[in-house]
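Accompanying notes for the structure given below.
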Amino acid sequence: MPRSQLRLQPRTGKLARMRRTLLRSLALAVVLLASPTHAAQTYSEQVVERTLDNGFKMLLLEDHKAPVAVVQVWYRVGSRNELPGTTGLSHMLEHMMFKGTVKNGPEEYSRVIARNGGNENAFTSDDATTYFATLASDRIEVEVGLEADRMRNLVLSEQLFEPERKVVMEERRMRTDNNPIGFMFESLNAATFLEHPYRQPVIGWATDIEGWKLADLKHHYDLYYQPNNAFLVAVGDFDAQQFGDLVAAQFGGHARGGDPPVVRAREQPPRGERRVAVERPARLPFVSLQYQAPNLHHADAPALEMLESVLSNGKSSRLYQRLVREQRLALDAGASYARTAIDDKTFTLSGQPQPGVSADQLEKALLAEIEALQKAPPSDDELKRARSQVEAAFVFAQDSMFYRGLLLGTYEIAGGWRQIDEFLPAMEKVTPQQVQEVARKYLTPINRTVGVLVPLPTDDAAPLEQMPAGPMS
Amino acid sequence: MMHSDSTFRSRGPGAGGARATLVGLVLTALALASVATAAGPIVERTTLDNGIRLVMSTQRSVPIVTVNCIIDGGARVDPPGKAGLASLTGSLLSEGTKGRTSEDISRLIDTLGGSFDTGTSSDWVLVSAAVLSRDFETGVDLVARSLREPTFPPEEVERRKKETLGELEADEDQPGVVAQRAFRTAVFGDAAYGHSVDGTPSSVTGLTRDDVLAYHRQEIQPGRTICAIVGDVPTSEMKAMAQKLLGGWQAGGAGYVARAAQPPAARSVVVDRPVTQANIVLGQIGVARSNPDYFPILLMNYVLGGGGFNSRLMQTIRTKGGLAYSVSSHFEGNKLPGPFQVALQTKVESAAEHVVHPIKLVREEIVKLHRDGATTAELDAAKDYLTGSFPLRLDSTGKLAGFLGQIEYFGLGDDYIERYAERVRAVTLEDVRKAAQKYLQPEALVQVVVAPATKLAEQGITASPDAAKGS
């Protein structure tokens, strides 16, 4: 499952129900982030890149289909940059960024954007923290000014910090502690990665959330919220030269900061299968097979992407056709390749068993699908479908300025936005044999970590005190 | 992961994306690129001889086209004892048509790289295709065959039934969904909107292929169908294609009758679950989408809990109190009066009033707005947001197609988009005060809490004697 997606921690949220289409569409979401088309203009031809003396970069893409623009400010910091004991600081800081600056009071940011008819929000992932607003294009100056202000002038006080710590604890209760599948994935990630901070949850461990000090947060802010550790992406109805000058005027006044610490951790390949079983009150089990896999910088990335697509892109894909429809073992099943992670990450297959089917049965069925691809390459027809979906998805993504911005920002974080243009041509060259080869190379027992949600009865309510992540404070 | 990505919540009144996929949610809820100008898109309307209403708009910016057909009915008209029938029928429209199996259909759409979905809401069945504009005919053809000649293969009926039962089971692991279901049942009972669109385990178990055939015969008809077509195709071609593939469709059944609910008395429902965070829903029957006070209600609700961080509930419960991650209020404007509700989640702890306290704060805010109305500053802020952000709600072909379909469905008028801002600005403080007094009934709130019953009892929260047992 795309963790760059699934671990986003937006500032506001609501419970979303799981849909049977969800796992299948997760694959598509990643593909949407992935694919240029040879037919259309390349991003390199369209994007204006400028870097200020203080190191602040901007990526500006004119798109004049409507008098609207999206502005996103990306900071190169997420849970990947955090340390044991203070996990979750990046996400907490994201919340605090709405609490006001020297010049603007608490929540003033949201008030001003709303008064200008804009929609704003923010999200944090393992790799980055992103703030964004969509507005009428004649109002984007407002957003640029507010972002430039809060990059360096945030007010962090105990008075604002304490209620927000409680809010984040509620967010954790909602996303993780009372969501059995979310809870399982948290444990699975911690087992998949022993050395790399990808083992840490974006929202932070409950005990860490309880223990944060205001000084931790200030330190985090000063270390990472510097012009040389951030960049701005804008897509919309503006003149790139003129808009760039405006951004330069607003952000150019910040002095260049120190270089943030480099994340040096490198996960070593596992030498045997690991298994995690998580017991939570739940009606249905869940199973996930997580394999370590290289990111987009590796030559195998295009074939891994096609492998993901053959397995789970569209209703004609293998996992849906075989496990959901034919064998009726899963309510849903899907695959997800974390191609745009900064460091090498994962290729994951997951599924929720139908009632009456055990996690073990579904695990075996998922393994059988892997073995089938290791024994014989996918058909030309399958590969053709996978390709046309990716190409079309790229065209559909152009319908959304926000999504184009997300694409640019995600690639810039992962190693450079210009790589967007390299991806589709590389995928065009992938052969069925190469898909088979990467299945053999990466989807191996010793490279695997299995996560299983073991349901406990929900009717005779297990006492709260026995639950690992009970109420804090 | 299933819980997080779709969690972006647009700050304005819910526009409601039809597609429930992750991509759909990310794209629609996040808002963004726009195909509409301030003046509004150019829209053409026509009615085919068989009664299908077409709403069409050419948008040239991206070579794609969306075809959205909605057929009035939906879960609202599920016959007594057959909750979930509309949803089962709707989901089966893409699982086999004359000469094409379910797998044929999946392969066809995946080969094109488009999407083809069918689904059901409280008020309608939706059949929708989004394709590259070069594949326009195939897109309309998929939609037309699903409406006109679905085959409902017996094995697909059984498979979908079993899947639905599984999905209902999976939903039980989501306390927020459990709370919503219990709330609907408590407010609407056996009447329209009283059950989940998917039905209940016992009702779904009892559904048969004959029921599905009957629903299709009774409800899926051209006279009840609105098709919105938006994208990179001339409207003349849109109309010709609809005429060619849908013009010959003849069907007519009496249809099922929806039963409107009687307003329930105040009551408390407790659903016992071993969770560490209580899911709370408070509300009552709200208004129909066609209510003449729609705009005053919209502004009033923005002030209460529809305006994200600018709303009173968010300020009181989250910003000041740190009591919840999300809290919002919402009027769901349906064909018949739909729910009004406030929803939030807060931690459960014994020996403290951790659930009682936020509920009290929510009730106080409702009482205050009911009694005093809003302030000028609040009203101005709400107007600025709603008028300024309106174009962002029409900012993709898919969203525009959905919006145009709803304008037609609810009979909001051909000038709805053009006059939206003017109507928002015309609302006065007095209008808002009257709307709050008329449509908020603080004494008649139905309250649902999903949490460990023993912990709730310690805080004095118990079920009313008459309250429906929560699931």
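Taken in order, these protein sequences are the chains called A and B. Per this note's numbering, the first sequence runs over residues 15 to 487. Per this note's numbering, the second sequence runs over residues 0 to 470. Just so you know, even glycine gets a beta-carbon here, dropped at the ideal spot from N, CA and C.
*Contacts that A:Leu-208 makes with chain B (C-beta to C-beta distance below 8 Å)*: Counting from one through the first sequence, the residue named residue 208 of chain A turns up at place 194. Near A:Leu-208 there are no residues of chain B at all, since even the closest Cβ is about 22 Å away, more than 8 Å.
*Counting contacts by CB-CB distance shorter than 7 Å, is B:Arg-317 in contact with chain A?*
In the second sequence, counting from the first residue as 1, residue 317 of chain B sits at position 318. At least one chain A Cβ lies under 7 Å of B:Arg-317.
*Best match in A:Met-415, A:Val-292 and A:Val-449 for proximity to A:Ala-150 [C-alpha to C-alpha]*: Here residue 150 of chain A is taken as the residue at index 136 of the first sequence, counted from 1. Among A:Met-415, A:Val-292 and A:Val-449, the Cα nearest to that of A:Ala-150 is on A:Met-415.
*Leaving out five residues before and five after B:Arg-248 in sequence, what residues of the same chain have Cβ atoms less than 8 Å from its Cβ?*
Residue 248 of chain B sits at position 249 when you count from the first residue of the second sequence. Correcting the residue type first, residue 248 of chain B is Trp in the shown sequence and not Arg. Contacts found: Asn-49, Ile-51, Ala-143, Leu-146, Arg-147 and Pro-221.
*Is B:Leu-244 near B:Val-124, with beta carbons less than 7 Å apart?*
Locating residue 244 of chain B in the second sequence gives position 245, counting from the first residue. Locating residue 124 of chain B in the second sequence gives position 125, counting from the first residue. In this structure, B:Val-124 does not lie closer than 7 Å to B:Leu-244 by Cβ.
_Quick check on A:Met-188 - is its C-beta less than 7 Å from some C-beta in chain B?_
The count along the first sequence starts at 1 and reaches residue 188 of chain A at position 174. At least one chain B Cβ lies under 7 Å of A:Met-188.
*Determine the chain A residues that contact B:Arg-311 at a beta-carbon separation under 7 Å, and present them in chain order.*
Here the question's residue 311 of chain B lines up with position 312 in the second sequence. The contacting residues do not exist; B:Arg-311 stays about 13 Å from chain A at best.
*Cβ atoms of A:Val-216 and A:Glu-161: under 7 Å apart, would you say?*
As a working mapping, residue 161 of chain A is identified with position 147 in the first sequence. As a working mapping, residue 216 of chain A is identified with position 202 in the first sequence. No, the pair does not count as a contact, with Cβ atoms beyond the cut-off.
*Within the same chain, show all residues whose beta-carbon is closer than 6 Å to that of A:Val-468, passing over the 5 residues directly before and after it, in chain order.*
Along the first sequence, one-based indexing puts residue 468 of chain A at 454. Cβ neighbours of A:Val-468 beyond the five flanking positions: Ala-291 and Glu-293.
*Let me know the beta strand (DSSP E) ranges lying completely inside the segment 333 to 397 of chain B, each 3 residues or longer, listed in chain order.*
For the segment 333 to 397 of chain B, whole beta strand (DSSP E) runs of length 3 or above, ordered along the chain, are 338 to 346.
*Sorted by chain position, which residues of the same chain lie with C-beta nearer than 8 Å to B:Ile-104's C-beta, five sequence neighbours on each side aside?*
Position 105 of the second sequence, counting from 1, holds the residue named residue 104 of chain B. Non-local C-beta neighbours of B:Ile-104 in its own chain, meaning closer than 8 Å and more than five positions away in sequence, comprise Ser-93, Glu-94, Gly-95, Thr-96, Phe-115 and Leu-141, ordered along the chain.
*At 7 Å on the CB atoms, spell out the chain A contacts of B:Pro-62, in chain order.*
In the second sequence, the residue the question calls residue 62 of chain B occupies position 63. Correct list: Val-409.
*Simplified DSSP assignment, three categories, for A:Ala-53*: On the first sequence, residue 53 of chain A is found 39 positions in, with the first residue counted as 1. At A:Ala-53 the pLDDT is 46, less than 50, meaning the model places this residue with poor confidence; the figure from the coordinates comes in the next sentence. Three-state result, A:Ala-53: coil.
*Mind checking which residues open and close the alpha helix (DSSP H) that includes B:Thr-110?*
Here the question's residue 110 of chain B lines up with position 111 in the second sequence. B:Thr-110 -> alpha helix (DSSP H) spans 101 to 111.
_Residue-chain proximity (A:Pro-50, chain B), Cβ-Cβ < 7 Å_ = Reading the first sequence from its first residue, position 36 is the one you call residue 50 of chain A. Only weak support is given to the placement of A:Pro-50: the predicted model assigns it a pLDDT of 37, under 50, and the value that follows is read from those uncertain coordinates. For A:Pro-50, the answer is no, since every Cβ of chain B falls outside 7 Å of its Cβ.
*Can you find at least 3 beta carbon pairs, one from the segment 310 to 323 of chain A and one from the segment 188 to 196 of chain B, that sit closer than 8 Å?*
Too few Cβ pairs lie closer than 8 Å, so no.
_Nearest-angstrom beta carbon gap, A:Glu-287 and A:Arg-462 [assumed within contact, 8 Å]_ = What you label residue 462 of chain A is simply residue 448 of the first sequence in a count that begins at 1. What you label residue 287 of chain A is simply residue 273 of the first sequence in a count that begins at 1. For A:Arg-462 against A:Glu-287, the beta-carbon gap comes to about 5 Å, under 8 Å, which counts as contact.
*Taking any Cβ of chain B, which residues in the segment 354 to 366 of chain A have a Cβ under 8 Å from it, in chain order?*
Per Cβ criterion, the list reads Gln-366.
*Would you mind sorting B:Lys-359 into buried or exposed? The rule is 16 or more other CB atoms within 10 Å of its CB.*
Position 360 of the second sequence holds residue 359 of chain B. Exposed, by the Cβ-count rule.
_Proximity test, Cβ basis, 7 Å: A:Gln-403 and chain B_ = Counting from one through the first sequence, the residue named residue 403 of chain A turns up at place 389. For A:Gln-403, the answer is yes, since a Cβ of chain B falls inside 7 Å of its Cβ.
*When the distance is taken between beta carbons, is B:Pro-441 closer than 7 Å to B:Val-355?*
The residue you call residue 355 of chain B lines up with position 356 of the second sequence. The residue you call residue 441 of chain B lines up with position 442 of the second sequence. In this structure, B:Pro-441 does not lie closer than 7 Å to B:Val-355 by Cβ.
*beta strand (DSSP E) containing A:Arg-418: first to last residue?*
Taking the first sequence and counting its residues from 1, the one referred to as residue 418 of chain A is at position 404. Counted as a single uninterrupted DSSP element, the stretch harbouring A:Arg-418 is not any beta strand (DSSP E) but the alpha helix (DSSP H) occupying residues 415 to 428.
*Can you tell me the Cβ-Cβ gap for B:Ala-169 and A:Arg-297, rounded? I've got them flagged as a contact below 8 Å.*
What you label residue 169 of chain B is simply residue 170 of the second sequence in a count that begins at 1. What you label residue 297 of chain A is simply residue 283 of the first sequence in a count that begins at 1. With 8 Å as the limit, B:Ala-169 and A:Arg-297 qualify as a contact, their Cβ atoms being about 7 Å apart.
*asked:* Looking at the ligand NAP, does it come within less than 6 Å of B:Thr-204, judged from the CB to the closest heavy atom?
replied: Looking for the ligand NAP in the displayed structure turns up nothing, as the structure carries no ligands at all.
*asked:* Could you check whether the Cβ of B:Tyr-408 sits closer than 7 Å to any Cβ belonging to chain A?
replied: Translated into the one-based positions of the second sequence, residue 408 of chain B becomes position 409. No, its Cβ sits nowhere closer than 7 Å to a Cβ of chain A.
_Is there a Cβ of chain B sitting closer than 7 Å to that of A:Leu-298, yes or no?_
Within the first sequence, residue 298 of chain A is the residue found at index 284, counting from 1. A:Leu-298 counts as touching chain B.
_Residues bridged to A:Arg-294 (per DSSP)_ = Your numbering for residue 294 of chain A matches position 280 in the first sequence. A:Arg-294 is bridged to A:Pro-469.
*asked:* Tell me which residue opens and which closes the alpha helix (DSSP H) that A:His-109 is part of.
replied: For the purposes of this step, residue 109 of chain A is taken as residue 95 along the first sequence, with counting starting at 1. Annotation: the continuous alpha helix (DSSP H) that includes A:His-109 extends over 103 to 110.
*asked:* In the DSSP output, what is A:Val-85 paired with across the bridge?
replied: As a working note, residue 85 of chain A is residue 71 in the first sequence. The partner list for A:Val-85 (beta bridge, DSSP) reads A:Ala-147 and A:Ala-248.
*In its own chain, which residues sit with a C-beta less than 6 Å from the C-beta of B:Leu-368, not counting the 5 before and 5 after it?*
Indexing the second sequence from 1 puts residue 368 of chain B at position 369. These residues qualify, in order along the chain: Leu-303 and Ala-435.
_Using a 10 Å radius around the Cβ and a threshold of 16 neighbouring Cβ atoms, would you call B:Asp-197 buried or exposed?_
To locate residue 197 of chain B, count along the second sequence from 1; it is residue 198. Around the beta-carbon of B:Asp-197, 16 or more other beta-carbon atoms lie within 10 Å, marking it buried.
*Opposite A:Met-183 in the DSSP bridges: which residues?*
Within the first sequence, residue 183 of chain A is the residue found at index 169, counting from 1. Looking at the DSSP assignment, A:Met-183 forms no beta bridge with any residue, so it has no partner.
*Who are the near neighbours of A:Glu-134 in its chain, counting only those whose CB is closer than 7 Å to its CB and skipping five residues on each side?*
In the first sequence, counting from the first residue as 1, residue 134 of chain A sits at position 120. Answer for A:Glu-134: Ser-124, Ile-127, Phe-146 and Ala-147, listed in chain order.
*May I ask you to report which of helix, strand or coil DSSP gives A:Asn-133?*
Counting from 1 along the first sequence, the entry for residue 133 of chain A is found at position 119. For A:Asn-133, the secondary structure class from DSSP, reduced to helix, strand or coil, is strand.
*asked:* Within a Cβ cutoff of 7 Å, which residues of the same chain sit near B:Ala-82, ignoring the five residues on either side of it in sequence?
replied: Within the second sequence, the letter at position 83 stands for residue 82 of chain B. Once the five neighbours on either side are set aside, the close Cβ partners of B:Ala-82 are His-194, Gly-198, Thr-199 and Ser-202.
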